[in-house]
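Student: Following this message is one structure expressed as structure tokens.
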Amino acid sequence: MKQPQTMLDKVWDEHVVRSAPGEPDLLYVDMHLIHEVTSPQAFEGLAISGRPVRRPDLSIATVDHGIPTVGRELGISDPLSRLQAEAIERNCAEHGILFFGVNDIRQGIVHIIGPEHGLTQPGMFIVCGDSHTSTHGAFGALAIGIGTSEVEHVLATQTLPRSKPGSLAITVDGDLPLGVTAKDLILGIIREIGVNGGYGTAIEYRGTAVESLSMEGRMTVCNMSIEAGATAGFIAPDATTYEYMEGREYAPSGAQWDGALAYWESLPSDTGAEFDREVVMDASELAPFVSWGTNPSQIVEVTGTIPSPDSFADPLERDSAIRALEYMDLEAGTAMSAIPIDRVFFGSCTNARIEDLRAGAEVIQGRTVHPDVEAMIVPGSGLVKMQAEEEGLDRIYKEAGFEWRDAGCSMCLAMNEDVLSPGERCASTSNRNFEGRQGRGGLTHLVSPQMAVAAALAGHFTDIRDLQ
Amino acid sequence: MKAVNIIEGQMAPLPRANIDTDQVIPKQFLKGVTRTGLGPSLFYNWAHDEEGELEPDFVLNRPEYAGAKVLVAGPNFGSGSSREHAVWSLTDAGFDAILSSSFGPILENNCYQNGLLPVVLVDEDLERFTALAADPANTVTIDLPTQRITSGEYTASFDIDAHVKDRLINGWDQIDMTLQSEDDIATYESARPGHRPVIG
Chain A
557 MKQPQTMLDK VWDEHVVRSA PGEPDLLYVD MHLIHEVTSP QAFEGLAISG
607 RPVRRPDLSI ATVDHGIPTV GRELGISDPL SRLQAEAIER NCAEHGILFF
657 GVNDIRQGIV HIIGPEHGLT QPGMFIVCGD SHTSTHGAFG ALAIGIGTSE
707 VEHVLATQTL PRSKPGSLAI TVDGDLPLGV TAKDLILGII REIGVNGGYG
757 TAIEYRGTAV ESLSMEGRMT VCNMSIEAGA TAGFIAPDAT TYEYMEGREY
807 APSGAQWDGA LAYWESLPSD TGAEFDREVV MDASELAPFV SWGTNPSQIV
857 EVTGTIPSPD SFADPLERDS AIRALEYMDL EAGTAMSAIP IDRVFFGSCT
907 NARIEDLRAG AEVIQGRTVH PDVEAMIVPG SGLVKMQAEE EGLDRIYKEA
957 GFEWRDAGCS MCLAMNEDVL SPGERCASTS NRNFEGRQGR GGLTHLVSPQ
1007 MAVAAALAGH FTDIRDLQ
Chain B
16 MKAVNIIEGQ MAPLPRANID TDQVIPKQFL KGVTRTGLGP SLFYNWAHDE
66 EGELEPDFVL NRPEYAGAKV LVAGPNFGSG SSREHAVWSL TDAGFDAILS
116 SSFGPILENN CYQNGLLPVV LVDEDLERFT ALAADPANTV TIDLPTQRIT
166 SGEYTASFDI DAHVKDRLIN GWDQIDMTLQ SEDDIATYES ARPGHRPVIG
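Residue numbers (this note's numbering), protein chains in the order written: chain A, 557 to 1024; chain B, 16 to 215.
Written as structure tokens, this is what we have:
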């Protein structure tokens, strides 16, 4: 009888071009996503060595990291960001790669446009010069973030040499409690296993709490796998996956759909498959979370208080907490709900899909943004923005006092003009609360979209469950 | 790629845990289109005050560490963003190796692509080298072929994937290596399932 296999085993084996003892496997890349910040040096490298792009038809590019989210009709005013945007456009034209430029309705955050166009499918091996590439794992694809040298490698060869990661099964069973979102689920997982708890592994998220998520929610979970140090994170495809994909531009159709479906249905881990490590959690342990520190494992329930560094047994975690509280200008014992905020950033590849925008809008209920708060909504793509406008969500946000922006990474990494000033405190739906991530001296608190909107209305963190 | 064999030089201690790549090089320095000239941006927000003046107390600004080649970091170095600029800024600033107890997965690969050696030490050894690095008079020798690291009387060993080690010692270009498998790539490519998306 055949040995039961994990989904990782199956997807990995299917992409091995060449395998030799003592060497990494050479894997074939099904789709290469490219953006303006991590690609110019890769194209430069190709030019220097005189190599062509092997498969422009398995590559797609956009601008997202450094572009403005307002006033685009005037062009990109930052001269360096403009040069980067021009470089990727030129490089894509030269090599015949489909490129969604800044004024293309299809432009958006690279991890949002892949699934949106049906380019992300179960069983694929997807890479991108961006650490949040694991987002695509929501479809049962193996998706990993790579550096610029590896971007050049993929452009030149359509392959990547890699040693197989270990397998880590994280099973979360039970129903998500009221007010608990996919964002809270992944934050809770990171707190449980730690910021390098996933090191050297591909995480398979399993269990009824995961299965109950929409595709948008699954993308939020897989997106933050890197924040636990994992190489990748994925979820077995199922009816929810197929329903999301059907009819999208690059999804198979007709007889090809049927063939693909049979293959996709073969991908989930076999019963009895063994993982290198397993973690089991109960959904009832989860709550609406807010981060208090400078890494995504430093979170607390919104009804909780800022922890004392002394509450951490591990001396490293204690030191880390001391430094984090100093940077975040917080004192142990303060109630999270007593902390006023200055800004709200609702966007990023973690939480800027249509479902996120719908969920945030539902919280508003005719209320308005607190007068001391500046709040912005940055949809994940031009198409998400258009869909939201068709549903009238933009009106709900604008009437409540939110700014309604154009698509991009924006203040998730603050490479464009959307930056926190020193000391500004921000409720953010993004993925990283690192020191200075949203601007030097900026104070980032990670939350779900619903919690971000609730904080914008109240002027401080507030329990979403009280508003529902 | 620059070959790595024996690294000798001064250490600089930066014993903070979870130094992410946003700290190694902040976002405003990612707007270039070349790999060069990023050394002055290394740890920019720690090395400079808000007016852009050098922070004299930051370890890499102290004259006694000016020639350091080996950064002794805290545990879990280089998590977060995939920016290879982090590695380019470290090599441009003169570093040949980083010591930690674990590395962010993307940064680790980026190091190998640029001949920067990430040395994974057990916690106890990392603490020991951190203490040794506190005296700028101490130097370190990292012998990649024998996988030994020595400072004064203290010696430790470290693990590294055998294939990665070969690549580093020989300075092999990974794209050149892969292109030797052209026949295998072409064979695989011709048999890919038809339902996989193709653009155009």
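A virtual CB, placed ideally from N, CA and C, is assigned to each residue, including glycine.
1. Considering Cα atoms alone, identify which of A/Asn779, A/Trp848, A/Tyr761, A/Val900 is closest to A/Thr881.
2. Bridge partners for A/Asp581 per DSSP, in chain order?
3. Using C-beta distances below 6 angstroms, list every residue in its chain close to A/Ser864, excluding the 5 sequence neighbours before and after it, in chain order.
4. Where does B/Leu147 fall in DSSP's three states?
5. Is A/Trp960 helix, strand or coil when you go by DSSP?
6. When the Cβ atoms of the stretch 988-1003 of chain A are set against those of the stretch 38-58 of chain B, are three or more pairs found closer than 8 angstroms?
7. Contact check, A/Ala697 vs A/Phe790 under 8 angstroms by CB: the rounded distance?
8. Check whether chain B comes within 8 angstroms of A/Val658, counting only Cβ atoms and requiring the distance to be less than that.
9. Can you find a CB in chain A that lies within less than 8 angstroms of the CB of B/Asn76?
10. Taking CB distances under 8 angstroms as the criterion, tell me whether A/Leu724 reaches chain B.
11. Return the bridge partner residues of A/Asp729 from the DSSP annotation.
12. Give a yes or no on whether 8 angstroms exceeds the smallest Cβ distance from A/Gly903 to chain B.
13. Indicate the three-state DSSP secondary structure (helix, strand or coil) for A/Glu930 in the structure shown.
14. Spatial neighbours of A/Thr1000 within its chain, please: CB distance less than 7 angstroms, with the 5 preceding and 5 following residues excluded, ordered by chain position.
15. With C-beta atoms as the reference, is A/Tyr755 less than 8 angstroms away from A/Val777?
16. Restricting to Cα atoms, I'd like to know which of A/Ala576, A/Glu645, A/Ser687 is closest to A/Ile782.
17. Pairing CB atoms from the stretch 704-716 of chain A with CB atoms from the stretch 593-604 of chain A, are three or more of them under 8 angstroms?
18. Can you grab the Cα-Cα spacing for the pair B/Pro160 / B/Ile175, in whole Å?
19. Compare the beta carbon distance of A/Pro793 and A/Thr757 with 8 angstroms and say whether it is the shorter of the two.
20. Can you tell me whether A/Leu1026 is buried or exposed, with buried defined as 16 or more other CB within 10 angstroms of its CB?
21. Measuring alpha carbon to alpha carbon, tell me which of A/Ile895, A/Asn851, A/Gly860 ends up nearest A/Asp875.
22. Provide the residue(s) that pair with B/His100 in DSSP beta bridges, ordered along the chain.
23. Can you tell which of A/Ile933, A/Gly627, A/Met563 has the C-alpha that lies nearest to the C-alpha of A/Leu823?
24. To test your reading of the DSSP string, which unbroken beta strand (DSSP E) runs of 3 or more residues are found completely within the stretch 751-792 of chain A?
25. Helix, strand or coil, according to DSSP, for B/Pro55 in the structure here?
26. Mind checking if B/Phe99 is an interface residue toward chain A, Cβ cutoff 8 angstroms exclusive?
27. Given a cut-off of 8 angstroms on the beta-carbon distance, is the pair A/Leu589 and A/Ile623 in contact?
Tutor: Taking the definition as stated:
1. In the sequence as displayed, the identity of residue 881 of chain A is Leu instead of Thr. Closest option to A/Leu881, Cα to Cα, is A/Trp848.
2. A/Arg718
3. Ala888
4. helix
5. strand
6. yes
7. 7 angstroms
8. no
9. no
10. no
11. A/Asp838
12. no
13. strand
14. Cys982, Ser984, Asn989, Arg993, Gln994
15. no
16. A/Ser687
17. yes
18. 10 angstroms
19. no
20. Lying outside 557 to 1024, the shown extent of chain A, residue 1026 of chain A is not represented and no answer is given.
21. A/Asn851
22. Note: B/His100 sits in no beta bridge, so no partner.
23. A/Met563
24. 757-762, 788-790
25. helix
26. It should be pointed out that residue 99 of chain B corresponds to Glu in this sequence rather than to Phe. It does: the Cβ of B/Glu99 has a partner Cβ on chain A nearer than 8 angstroms.
27. no
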